[in-house]
Structure formats: C-alpha cells, structure tokens
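Residue numbers (this note's numbering): 25 to 243.
Glycine included, each C-beta is placed from N, C-alpha and C at the ideal position.
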C-alpha cells in the first residue's frame, strides 16, 4: 500500500518493521521514519495538541490519561516538553497593564504559593508571571518585565509592597482599576482544575504548576 508523507506529500518507501510488527516507512525528502498507524497512542502526531486543548478545558492529568489512553507519566513528560518549547511573548512599549496575585497550594493545602502575573489592558494578554511566596522578590520578577517595556501605567490593588516597588508616576490604585485581571483570576480558577478553590486536584509539584500555567497563557 502506498503511503504519502504528511509533511511534504511525497511517496514513502518501506523501511522494515517495528518491534511490534508494524510497517515502518521512510521519506527520502524529509529524511524521517514514520508509520501509517501507531499502536502507542502517545506517538500520534496530534497528541500534543490534544493534551494542550484538554488542559485548557480544565481536564486534569488523570482525565487526560483516561481520554487519550496514555500513561500518566507520559502525559506529565509531554506537558513539560510542551511548556519548554513555549516562549514568553515580547512586550510592546508604552502600554497599560494590570497586575494581581492569586493564591493556591502545592503538594498539600498548608503549603501556600502565589501566582503573580500581569495582563496588558487592551488585549488581555498575560505578559509575564511568577509563582512563589508573596514577597518582593516574586513581585519584582514580573514588574521587571513591565519596566523594561516602559509601561505607561500599572494598575494594582492596595497591596502595600506595590507602593515602593512601582514608580509613583505610573502606579495607579483606584476603584475598579483591576477589573480585567480580577475577571482573569475567575477564568483561571474555572478553566484550570488544579486552581479550583475546593478541590482535591491541586498541583503535586511546583514544576507541573508552572508548566500548566505556561501552556494555558501562551500555548
């Protein structure tokens, strides 16, 4: 049976058998080996796309495992691989931003961590985020990105740290000044199961939490 390469549409030649008996093909144009069908579902070409879509719809790792019929460890490794390939978007100059923090926990409910992040007001795009304790170091990691983009204004809530971390001429605190990012907080808790307030599906590791946030924000 003739097989065409899904990338360049050129004809492939047979290239032996896999250990499980499946026919292997080789594309001379792309110089890659491939199969017509994969018995291992994790090897399918659209697996990463499916994992990304399911994560954004609030499906946990165990749920992804059941829906895609893939081992849990494979799902976690794929999530880390996808997040490592994602780059933070470049910041535009002279824009208005909103910044806030939201609380969650990792490993156990007594281990609280904070997600500090900033959104661009006109596009609602997340510019940067940092996960850690609610300290100046965590907040400064996000504020540094905004300062390098010469932010026109930064709207925050009444957290006292912001008063001396942000320059007075661009720092804004007013009623309903952070409406967009507050709504983003609600959307995050709705879409990401691990961020729900009352749930047993919280993150077991900080690395996995950061990877899922990165995929949700920029994937």
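- Per the coordinates, the alpha-carbon of residue 205 lies some 18 Å from the alpha-carbon of residue 168.
- Under the three-state reduction of DSSP output, residue 82 falls in the coil class, being neither helix nor strand.
- Burial state of residue 173 is buried, judged by a 10 Å Cβ sphere holding 16 or more other Cβ atoms.
- In this structure, the straight-line span from the alpha carbon of residue 214 to that of residue 112 is close to 23 Å.
- Per DSSP, the continuous beta strand (DSSP E) segment holding residue 128 begins and ends at 120-129.
- In this structure the region 207-225 does not lie against the region 97-106, because fewer than three pairs of beta carbons, one per stretch, are closer than 8 Å.
- Under the DSSP assignment, residue 53 falls outside any alpha helix (DSSP H); it carries neither an H nor an E label.
- Cβ-Cβ separation between residue 183 and residue 164: approximately 13 Å, too far for a contact (criterion under 8 Å).
- Residue environment: residue 147 is assigned as exposed (fewer than 16 neighbouring CB atoms within 10 Å of its CB, all protein chains considered).
- CA-to-CA, the gap between residue 207 and residue 126 works out to about 12 Å.
- Taking a C-beta distance under 8 Å as the contact criterion, residue 175 and residue 119 qualify as a contact pair.
- A check of alpha carbon separations from residue 72 across 117, 180, 92 and 138 identifies 92 as the nearest.
- Judged by DSSP secondary structure, residue 154 falls within the beta strand (DSSP E) whose first and last residues are 150-156.
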